[in-house]
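**Q** Mind having a look at this structure? Questions to follow.
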Amino acid sequence: MIHRPIPGWLYYLLGIAGVMVVACVYAALSTRQTHINPDQSVMPGFSALGEGVVEIFKSRGNERNPRPSWISNDASATYWRLALGLASGVALSVVVGVSMGAYTAAEAFFNPLITFFAKIPPTAMLAVYMVVFGMALKMYVAMVAFGVFFTMAQAIYQSVRKDVSTDLIDKAYTLGASEIEVLYEVVWRQVLPRVIENLRLQIGPAMVFLIAAEWAFADQGFGYTLRQQSKLLNMNVVYLYLAILGLTGLGFDWALMRLRRWLCPWFGE
Amino acid sequence: MQTSDDALRIENLSHWYGDFRVLNQINLRITPGQIVALVGPSGCGKSTLLKAILGTHPANEGRILVDGNQVRTPSRNVGIVYQHYSLFDFLTAEANVAFGLKLDESSLAFRMLMIPQWLKMRAKHIERARAFLDSVKLGAACGKYPAELSGGMRQRVAIAQALILKPKLVLLDEPFGALDEATRESLQMMLLGFYQENLKAKQEGRTPEYTILIVTHELNEAIYVANRVVGLSRFHDAGEQGAMIVYDRPCPIFLPDEPKDVESFVQQREELRKAVFDPSYVKHHSKYVSFWEQLSELAASS
Ligand SMILES: Nc1ncnc2c1ncn2[C@@H]1O[C@H](COP(=O)(O)OP(=O)(O)OP(=O)(O)O)[C@@H](O)[C@H]1O
Ligand SMILES: [Mg+2]
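These protein sequence lines map, in sequence, to chains Z and Y.
Note that the numbering used here has the first sequence beginning at 36, numbered continuously upward.
Note that the numbering used here has the second sequence beginning at 97, numbered continuously upward.
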């Protein structure tokens, strides 16, 4: 049976069954909890979850001073921080990783630094980012960017060393390439799918770092609301936020996979 | 002899790794249109010589001129086809062939800033690449990536990629070493086709376009595809000094569709075995180096 394929319909059926099992178990537990204590909010029932949806999408403030709903407020803050952080982290790690892979001098310069800093838990570095960047946007961007930078720079560096053979670089020169063309037309093109694949792997850690930073310092964002609402035991809101974070990760992952297939059709699966 | 006519000129080239002398006093002249096979025992320094000509690993002593210019770094004057890693994975077959045209005829700044003009040029490049691939019977593979091609197709594309730029010299380092017999033969015929084009160019008074130096360990292949065989070996009277050119003679050339008459190779093959590959046969290194004399005799007699 090991490694034996199963029919497609069964494959999907089993996937749906898994979700159903978890939903049913949750419903049963929730019903039992409510039976024991009608006021419990740790395992809200489906109607309580529905109220949670209304709660997070409801506009705040009043007529004269309207304020955005929790979700639009938190999503815009968190996603903006995440996007800026990932973009700068990726840009930095591409520059450093590619130069380390291509130039021995850059390798000698960066390698000890990167190997060392990669070992420090990024969340612990939060203390430093807060002091250096204050509590503004910059701190969250730095948290995400440096959180993914060390791992990604190492991965890109390895990929340049491994995936780009010296023979191919020499060949590009024989076809008339300049040094900058070798970097852009050969090295970059060759490692691009690795960069995207590594970014996919870093989405999870990046969200961990960001939520942790928001949990500790922010006055808006998913991490902030999660902390506030869990303190109030409003678990219906908490679970919804967790689901949204999960979907965000999935969506990002899927979009990057499509991007990789589109930009690098040669890379295979 | 006019020196500026030479596609390749190697003068007193020596090379050593540490205190191990690999190449000793190599002298070699190749004129445009020649297809030269380089043979020699394994480890005698054939790849080392090729790397020196390519410019990636300059030799310790002596100099190399390609088309009259001294080689110091790899350049578009000398093309190369390796046994492995011969193509860019991220480009389709036609884009691989057009890659040299792109790098040679446009700059990165032009491609980024003058996009409409670049796209127009790009279309022409692709057209030329397709035409070239068509001429080597690969029209159907144009849009495929290297990973989707067989080993033989990949080497065909690699040869097209190197030749389309019309470099002064193309180096092939055991290009067919990893291929099966039948594929190998069809690629040998492809090379013979280029030789025919050279002959045609000569008849029409043009400079032949395809000058090839091919390393192979198959003696039949050497005699079949080349019009000149060069043997590199340490088995001569000064062998401890390093390998020298111990054999340099013309060999019969065939038409691509002519039946390959292996029997006629036998004599030359035995000669090569003795002169290049037999460690116990000690002779002066220039005993079998007679290509240019034989060529002028031939010219005189005809
Ligand atoms: N980078 C190097 N450092 C030290 N010795 C080397 C190096 N490269 C090659 N050699 C030695 O130089 C000699 C010639 O090597 P080379 O690769 O040129 O031989 P070759 O004729 O191409 O052999 P083959 O037919 O097996 O490909 C060999 O004895 C090899 O061990
Ligand atoms: Mg070799």
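Ideal Cβ positions, reconstructed from N, Cα and C, are used throughout, including at glycine.
Mind checking who Y/D63 pairs with in its DSSP beta bridge?
**A** Chain Y is shown only over 97 to 398; residue 63 of chain Y falls outside these bounds and no answer can be derived.
**Q** Beta carbons nearer than 9 Å to chain Y: which residues of the region 211-228 of chain Z have them?
**A** Answer set for the region 211-228 of chain Z: G211, A212, S213, I215, E216, Y219, E220, V221, R224, Q225, L227 and P228.
**Q** Quick test of your reading: Z/M270 and Z/V77, contact by CB under 8 Å. State the CB separation rounded to the nearest angstrom.
**A** Position 235 of the first sequence holds residue 270 of chain Z. Position 42 of the first sequence holds residue 77 of chain Z. Right, the Cβ-Cβ distance comes to about 5 Å (below 8 Å), so this counts as a contact.
**Q** Name the DSSP beta bridge partners of Y/E107, please?
**A** Here residue 107 of chain Y is taken as the residue at index 11 of the second sequence, counted from 1. Y/E107 is bridged to Y/R159.
**Q** Taking a cut of 7 Å between CB atoms, which residues from the region 193-210 of chain Y lie near chain Z?
**A** Flagged, chain order: F195, G196, L199, D200 and L204.
**Q** Show which residues of chain Y have a CB atom less than 8 Å away from the CB atom of Z/G303.
**A** On the first sequence, position 268 is the one that residue 303 of chain Z refers to. By Cβ distance, chain Y contributes A243.
**Q** Rounded to whole angstroms, what is the Cα-Cα separation between Y/G129 and Y/T303?
**A** Counting from 1 along the second sequence, the entry for residue 129 of chain Y is found at position 33. Counting from 1 along the second sequence, the entry for residue 303 of chain Y is found at position 207. So the two alpha carbons sit approximately 8 Å from each other.
**Q** Could you list which residues in chain Z have their beta carbon closer than 8 Å to that of Y/G114, in chain order?
**A** Numbered from its first residue, the second sequence carries residue 114 of chain Y at position 18. Within chain Z, no residue comes near Y/G114; the closest Cβ sits about 21 Å away, beyond 8 Å.
**Q** For Y/S329, which three-state DSSP category applies?
**A** Your numbering for residue 329 of chain Y matches position 233 in the second sequence. Strand.
**Q** Around ligand 1, which residues pass a check of Cβ closer than 5 Å to any of its heavy atoms?
**A** Residues flagged by the Cβ proximity filter: Y/Y113, Y/V118, Y/S138, Y/G139, Y/C140, Y/G141, Y/K142, Y/S143 and Y/T144.
**Q** Is Y/E270 close to ligand 2? I mean its beta-carbon at under 8 Å from any heavy atom of the ligand.
**A** Residue 270 of chain Y sits at position 174 when you count from the first residue of the second sequence. Yes - ligand 2 has a heavy atom lying nearer than 8 Å to the Cβ of Y/E270.
**Q** Looking at the C-beta of Y/Q299, does it have a partner C-beta in chain Z at a distance below 9 Å?
**A** Start at 1 with the first residue of the second sequence, and residue 299 of chain Y comes out as number 203. No, Y/Q299 lies away from the interface with chain Z (no Cβ there is under 9 Å from its Cβ).
**Q** Please report the residue range of the beta strand (DSSP E) in which Y/A133 lies.
**A** Here the question's residue 133 of chain Y lines up with position 37 in the second sequence. Per DSSP, Y/A133 belongs to the beta strand (DSSP E) from I131 to V135.
**Q** Do you know whose CA, among Y/K142, Y/E305, Y/R172 and Y/V325, lies nearest Z/T209's CA?
**A** As a first step, residue 209 of chain Z must be located in the first sequence, where it is residue number 174. For Z/T209, the nearest C-alpha among the options comes from Y/R172.
**Q** Any chance the CB of Y/V385 is under 8 Å from a heavy atom of ligand 2?
**A** For the purposes of this step, residue 385 of chain Y is taken as the residue at position 289 of the second sequence. Because no heavy atom of ligand 2 lies under 8 Å away, the Cβ of Y/V385 does not count as near it: no.
**Q** Taking 8 Å as the cut-off, is the CB of Y/V177 close to at least one heavy atom of ligand 2?
**A** Walking along the second sequence from the start, residue 177 of chain Y turns up at place 81. Checking the Cβ of Y/V177 against ligand 2 gives no.
**Q** Taking a contact to mean a Cβ-Cβ separation below 9 Å, would you say Y/S329 touches Y/F272 in this structure?
**A** For this step, residue 329 of chain Y is matched to residue 233 along the second sequence. For this step, residue 272 of chain Y is matched to residue 176 along the second sequence. No, these two residues do not count as a Cβ contact at 9 Å.
**Q** Measure the CB-CB distance between Y/L351 and Y/Q292 and report whether it falls below 9 Å.
**A** For the purposes of this step, residue 351 of chain Y is taken as the residue at position 255 of the second sequence. For the purposes of this step, residue 292 of chain Y is taken as the residue at position 196 of the second sequence. It is a contact, given that the beta carbons lie within the stated cut-off.
**Q** Taking Cβ positions only, does Y/D163 come closer than 9 Å to chain Z?
**A** By one-based count along the second sequence, residue 163 of chain Y stands at place 67. By this cut-off, Y/D163 is not an interface position.
**Q** Report the three-state DSSP secondary structure of Y/N120 (helix, strand or coil).
**A** Here the question's residue 120 of chain Y lines up with position 24 in the second sequence. Of the three classes helix, strand and coil, the one that applies to Y/N120 here is strand, per DSSP.
**Q** List the residues of chain Z whose Cβ lies closer than 9 Å to the Cβ of Y/I176, in chain order.
**A** On the second sequence, residue 176 of chain Y is found 80 positions in, with the first residue counted as 1. In chain order: D202, D205, K206 and T209.
**Q** Please compile the residues from chain Z whose C-beta is within a distance smaller than 8 Å of the C-beta of Y/Y377.
**A** One-based indexing of the second sequence puts residue 377 of chain Y at position 281. Going along chain Z, no residue has its Cβ under 8 Å from Y/Y377, so there is no contact; the nearest lies around 35 Å.
**Q** Would Z/P300 pass as an interface residue toward chain Y - the criterion being a Cβ-Cβ separation below 9 Å?
**A** Residue numbering aside, residue 300 of chain Z sits at position 265 when the first sequence is read from its first letter. True, the Cβ-Cβ gap to chain Y drops below 9 Å.
**Q** Going by the C-beta, is Y/V311 closer than 8 Å to any heavy atom of ligand 2?
**A** Residue numbering aside, residue 311 of chain Y sits at position 215 when the second sequence is read from its first letter. Yes - ligand 2 has a heavy atom lying nearer than 8 Å to the Cβ of Y/V311.
**Q** With the cut-off set at 9 Å, would you say Y/E281 and Y/T312 are in Cβ contact?
**A** Numbered from 1 along the second sequence, position 185 holds the residue referred to as residue 281 of chain Y. Numbered from 1 along the second sequence, position 216 holds the residue referred to as residue 312 of chain Y. No, they are not a contact pair.
**Q** Using the Cα positions of Z/A143 and Z/D205, report the straight-line distance between them to the nearest angstrom.
**A** Here the question's residue 143 of chain Z lines up with position 108 in the first sequence. Here the question's residue 205 of chain Z lines up with position 170 in the first sequence. Computed Cα separation, rounded: 23 Å.
**Q** Please report the distance separating the alpha-carbon of Z/H70 from that of Z/L84.
**A** On the first sequence, position 35 is the one that residue 70 of chain Z refers to. On the first sequence, position 49 is the one that residue 84 of chain Z refers to. Approximately 17 Å, taken between the alpha carbons.
**Q** Along chain Z, which residues have their Cβ under 8 Å away from the Cβ of Y/S407?
**A** Summary: the structure shown does not reach residue 407 of chain Y, with chain Y confined to residues 97 through 398, and so no result is reported for it.
**Q** Looking at the secondary structure, which residues open and close the beta strand (DSSP E) in which Y/P346 lies?
**A** Residue numbering aside, residue 346 of chain Y sits at position 250 when the second sequence is read from its first letter. Start and end: M340 to P346.
**Q** Whole angstroms are fine: how far does the CA of Y/T127 sit from the CA of Y/T99?
**A** Numbered from 1 along the second sequence, position 3 holds the residue referred to as residue 99 of chain Y. Numbered from 1 along the second sequence, position 31 holds the residue referred to as residue 127 of chain Y. The predicted model places Y/T99 with a pLDDT of 47, which falls under 50 and marks its position as unreliable; any figure quoted below should be read in that light. Cα-Cα distance, rounded: 9 Å.
**Q** Which value, in whole angstroms, describes the spacing of the CA atoms of Z/I91 and Z/W297?
**A** Counting from one through the first sequence, the residue named residue 91 of chain Z turns up at place 56. Counting from one through the first sequence, the residue named residue 297 of chain Z turns up at place 262. The alpha-carbon atoms of Z/I91 and Z/W297 are separated by roughly 36 Å.
**Q** With Y/V325 and Y/I319 assumed to form a contact (beta carbons below 8 Å), what rounded beta-carbon distance in angstroms separates them?
**A** Taking the first residue of the second sequence as position 1, residue 325 of chain Y is located at position 229. Taking the first residue of the second sequence as position 1, residue 319 of chain Y is located at position 223. At roughly 6 Å, the Cβ-Cβ gap stays under 8 Å, so Y/V325 and Y/I319 are in contact.
**Q** What residue does the beta strand (DSSP E) around Z/G182 start on, and which one ends it?
**A** Residue mapping note: residue 182 of chain Z aligns to position 147 of the first sequence, counting from 1. Segment L172 to D198 is the alpha helix (DSSP H) holding Z/G182; no beta strand (DSSP E) there.
**Q** Which residue or residues does DSSP assign as beta-bridge partners of Y/R324?
**A** Here residue 324 of chain Y is taken as the residue at index 228 of the second sequence, counted from 1. BP columns for Y/R324 point to Y/V132 and Y/P346.
**Q** Y/V193 by DSSP, collapsed to three states: which one?
**A** Numbered from its first residue, the second sequence carries residue 193 of chain Y at position 97. In this structure, Y/V193 counts as helix in the three-state DSSP scheme.
**Q** Alpha carbon to alpha carbon, how far is Y/G114 from Y/H180?
**A** As a first step, residue 114 of chain Y is located in the second sequence; it is residue number 18 there, counting from the start. As a first step, residue 180 of chain Y is located in the second sequence; it is residue number 84 there, counting from the start. Rounded to whole angstroms, Y/G114 to Y/H180 spans 27 Å at the Cα level.
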